[in-house]
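Numbering-wise (the UniProt record's numbering), the sequence shown opens with residue 1 and increments by one.
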Amino acid sequence: MTGTTAGTGSPAQARRAPAHAPEPPPAPPRAPETVPPTPTPTPTPTPTPPARTGAPSEDRGTAPAEGAAAVASRTPGAAAAEGAAAVPSDGPAAAPSTGLGIDPDDLPDGLVVADEHGLVVCFNAAASRITAVPRDAALGRPLDQALPLEDLKGHRWWALTDPYGGLATRRGQPERNLLLPGGREVLVSVRYVRAHPTGPVRRVVVSLRGTEARRRTERSHAELIATVAHELRSPLTSVKGFTATLLDKWERFTDDQKRLMLETVDADAGRIKRLIAELLDISRIDSGRLEVRRQPVDIAAAVGRHVHAHTTGGQSPDRFFVRVHPDLPDLWADPDKIDQILGNLLENAVRHGEGTVTIEVAPTTATTDGEKGTEVTVSDEGPGIPEESMGRVFTRFWRGSKRGGTGLGLYIVKGVVEAHGGTITVGRGPRGGAEFRFILPVGTPAHLL
Numbered sequence: 001m002t003g004t005t006a007g008t009g010s011p012a013q014a015r016r017a018p019a020h021a022p023e024p025p026p027a028p029p030r031a032p033e034t035v036p037p038t039p040t041p042t043p044t045p046t047p048t049p050p051a052r053t054g055a056p057s058e059d060r061g062t063a064p065a066e067g068a069a070a071v072a073s074r075t076p077g078a079a080a081a082e083g084a085a086a087v088p089s090d091g092p093a094a095a096p097s098t099g100l101g102i103d104p105d106d107l108p109d110g111l112v113v114a115d116e117h118g119l120v121v122c123f124n125a126a127a128s129r130i131t132a133v134p135r136d137a138a139l140g141r142p143l144d145q146a147l148p149l150e151d152l153k154g155h156r157w158w159a160l161t162d163p164y165g166g167l168a169t170r171r172g173q174p175e176r177n178l179l180l181p182g183g184r185e186v187l188v189s190v191r192y193v194r195a196h197p198t199g200p201v202r203r204v205v206v207s208l209r210g211t212e213a214r215r216r217t218e219r220s221h222a223e224l225i226a227t228v229a230h231e232l233r234s235p236l237t238s239v240k241g242f243t244a245t246l247l248d249k250w251e252r253f254t255d256d257q258k259r260l261m262l263e264t265v266d267a268d269a270g271r272i273k274r275l276i277a278e279l280l281d282i283s284r285i286d287s288g289r290l291e292v293r294r295q296p297v298d299i300a301a302a303v304g305r306h307v308h309a310h311t312t313g314g315q316s317p318d319r320f321f322v323r324v325h326p327d328l329p330d331l332w333a334d335p336d337k338i339d340q341i342l343g344n345l346l347e348n349a350v351r352h353g354e355g356t357v358t359i360e361v362a363p364t365t366a367t368t369d370g371e372k373g374t375e376v377t378v379s380d381e382g383p384g385i386p387e388e389s390m391g392r393v394f395t396r397f398w399r400g401s402k403r404g405g406t407g408l409g410l411y412i413v414k415g416v417v418e419a420h421g422g423t424i425t426v427g428r429g430p431r432g433g434a435e436f437r438f439i440l441p442v443g444t445p446a447h448l449l
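So, in structure tokens, the structure goes:
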């Protein structure tokens, strides 16, 4: 039985092998599930959209059509905006910049972009305003025709610089003054965008700026030079004349005559010194380098000194009225700068005003957080300052009358007051004249608080 069982078991196992052998035929129906058929239907589209892994083949097939439709439906303005947004970066990094939604027309400066063929693809509103060339007339045209620039010698600038040729290491052109047709001046800077450092130029990005602001600065500098030259000429002429006369004819003059001449020379030298000091102060104010060396200041005593200087210089004591309120807070300020402020304001009132000059010193609140301060008011009884001129009083070269002066004093006063953390205003006084009021915070040093 054992042998029979063993014998019959072995053929049964042999017979089961064929019985299991036909089971693979059902495998072919499952083959599509286990063996991915994806490579079979998609040999051609697979290289096209590497970023759309797992998308149906229909989507991959229609994506290029959608892209073509988008390109075909783009307006020139949209294409220009996309080109402008992609200018700063190369390759795939350009996509994030376009997603910011930056419109070239939002830029304050003119922007002109030309592609690798030299055709203008972006011409924003500022460029159209600066060049007086309509956008539609510039887009699609060669760069040298849409933006015909010449240097100050009359040479055609694009032919000289040759942005698409020349050395492959060039990155652009620095800002310079160039001329548009008709002789209009414009500031131009250029950047060459390359795919790699020594590759061909992919884009030429041109920035345009008007010269109005620079012209105003140059005009201001020219006025400053003219004012300084005029103010220096008179005292220098006097100094030169008196010293030459004394040297040539010393024995012919009496001691009183010599003294008068030397006093005149000394006064003119002091005038020159003050003018040079004003110029230095203007330079420091404009550059933010005006130093304030704080120490305790008795501002009431400083007012008294300046009034005394004017009375000893010939002014009547009755022309000045000083009112000092009690309980003034301790003031920490630069004594020399305080003298400069008071000197300018009093001289302005005496020279350009009339009647009594009133100086009032009172305690006040200097800041919004309640910090104590000192308020000084200087007013006169003259014609005052016209309403339309009050906004220009603290600018350079403003003169309220034709009675002399450089027109720099009030500009310096404002700069010095603000350097102390204070404020200064101008208005009409109670008796019709000009009224200047400045407020200085206590300014106690931090180590004493």
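Just so it is clear, CB atoms sit at the ideal spot from N, CA and C, and this is done for glycine as well.
According to the Cβ coordinates, are residue i and residue j closer than 8 angstroms?
i	j	result
Ile272	Leu232	yes
Arg323	Val357	no
Thr364	Ile439	yes
Leu260	Ala300	no
Ala342	Ala302	Note on residue identity: the sequence assigns Leu, not Ala, to residue 342. Cβ distance < 8 angstroms, so Leu342 and Ala302 count as in contact.
Tyr411	Arg396	yes
Leu279	Val228	yes
Pro235	Asp281	no
Pro441	Ala366	yes
Pro445	Arg294	yes
Leu186	Thr211	Note that residue 186 corresponds to Val in the displayed sequence, not to Leu. Closer than 8 angstroms, so yes.
Leu275	Thr377	no
Asn344	Gly409	yes
Leu178	Asp151	yes
Decide if residue i is buried, meaning its Cβ has at least 16 other Cβ atoms within 10 Å, or exposed.
i	result
Ser316	exposed
Gly443	buried
Glu291	exposed
Gly433	buried
Ile338	buried
Gly415	buried
Glu375	buried
Gln257	exposed
Gln340	buried
His352	buried
Gly67	In this prediction, Gly67 has a pLDDT of 39, which is less than 50 and means its spatial position is unreliable; what the coordinates show is noted afterwards. It counts as exposed.
Leu262	exposed
Excluding the 5 residues preceding and the 5 following residue i in the sequence, name in chain order all residues of the same chain whose CB lies nearer than 8 angstroms to its CB.
i	result
Val265	Ser238, Val239, Phe242, Thr243
Gly429	Thr358, Ser379, Asp380, Glu381, Gly384, Glu435
Asp115	Gly83, Val121, Arg202, Arg203
Arg156	Asp144, Pro148, Leu149, Glu150
Arg214	Leu187
His325	Glu360, Val361, Ala362, Pro363
Within its chain, find whatever has a CB closer than 6 angstroms to the CB of residue i; leave out the 5 residues flanking it on each side and keep chain order.
i	result
Glu354	Glu381, Gly382
Gly110	Ala126, Ala127, Ile130, Leu208
Asp105	Asn124, Ala125
Ala168	Thr198
Phe321	Thr356, Thr358
Lys372	Pro329, Val442
Ala419	Leu290, Val292
Arg437	Thr377, Thr425
Pro335	Val297
Arg305	none
Arg431	Glu381
Leu346	His306
Arg141	Val120
Could you give the C-beta distance for residue i and residue j, rounded to a whole number, given that I count them as a contact under 8 angstroms?
i	j	result
Ala333	Val297	5 angstroms
Leu180	Leu149	7 angstroms
Val426	Val393	5 angstroms
Val188	Arg176	6 angstroms
Gly118	Leu143	5 angstroms
Flag residue i as yes when its Cβ comes closer than 7 angstroms to any non-hydrogen atom of the ligand COA, and as no otherwise.
i	result
Asp256	Within the structure as shown, the ligand COA is missing, as the structure has no ligands at all.
Excluding the five sequence neighbours on either side, which residues of its own chain have a C-beta within less than 7 angstroms of the C-beta of residue i, listed in chain order?
i	result
Ser220	Arg396
Arg184	none
Gly391	none
Compare the C-beta of residue i against all C-beta atoms of chain D and say whether one is closer than 8 angstroms.
i	result
Arg351	Included in the structure is just one protein chain, with no chain D present.
Check your understanding: Does the count of Cβ pairs from the stretch 154–173 and the stretch 233–251 closer than 8 angstroms reach three?
Key -> no
Review point. Okay, do the stretch 123–134 and the stretch 170–177 touch, 3+ Cβ pairs below 8 angstroms being the bar?
Key: no
Review point. Do three or more CB pairs link the stretch 295–312 to the stretch 250–257 at distances below 8 angstroms?
Key: no
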